[in-house]
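According to my numbering, the stretch in the sequence shown is residues 35 to 134, in order. Think of the CB as a built atom: it goes at the ideal place given N, C-alpha and C, for glycine as much as any other residue. In what follows, a structure is listed as C-alpha cells, so that the remarks can point back to it.
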Amino acid sequence: GKMIAGALGVELGSPGDGAVAAPPPLPVVLERELTARSVQAVGRLGTSIAPVDMQRARRLLSLARQWGDSLQAKNARAMLHGAVADGDLDSVARLVRRYN
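The structure is reproduced here in C-alpha cells:
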C-alpha cells in the first residue's frame, strides 16, 4: 500500500496517528482552440456518436490546426472537416497520422 501510494505521490499515515493524507492533484484541464469550421464539423455530429468520440474528433482537428496555412494543409483540413461531419473518425485519425 505505502509503496503504491508513494509512487502516486500520496503519503499514507500510520493507523491511529491521526495523519490525514493530502488529496491527489486534480487532472490537467484540456484546452483546445478550434477554428469555426472545426467547431461546425464537430457540432454536426450531434448525438450520433459517444461523448468520448466527440473528444477524439476535437483532438484530431486541433492536431490538424498545427499543420499551418499552406494550400496542402488547408486542403487536408477541408477533407478532415467533411469526414468528421460524417462521423468517420477512423479515417480522420489515419489522415492525421499520415500527415504528421
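Whole-Å CB distance - V118 paired with A75, under 8 Å assumed: 4 Å
CB-CB length for A110 against L129, believed under 8 Å: 7 Å
Where the alpha helix (DSSP H) containing L129 begins and where it ends: 123 to 133
Length of the line joining the Cα atoms of S82 and L68: 21 Å
Identity of the residue in R92, R99, A91, R78 nearest Y133 by Cα: R99
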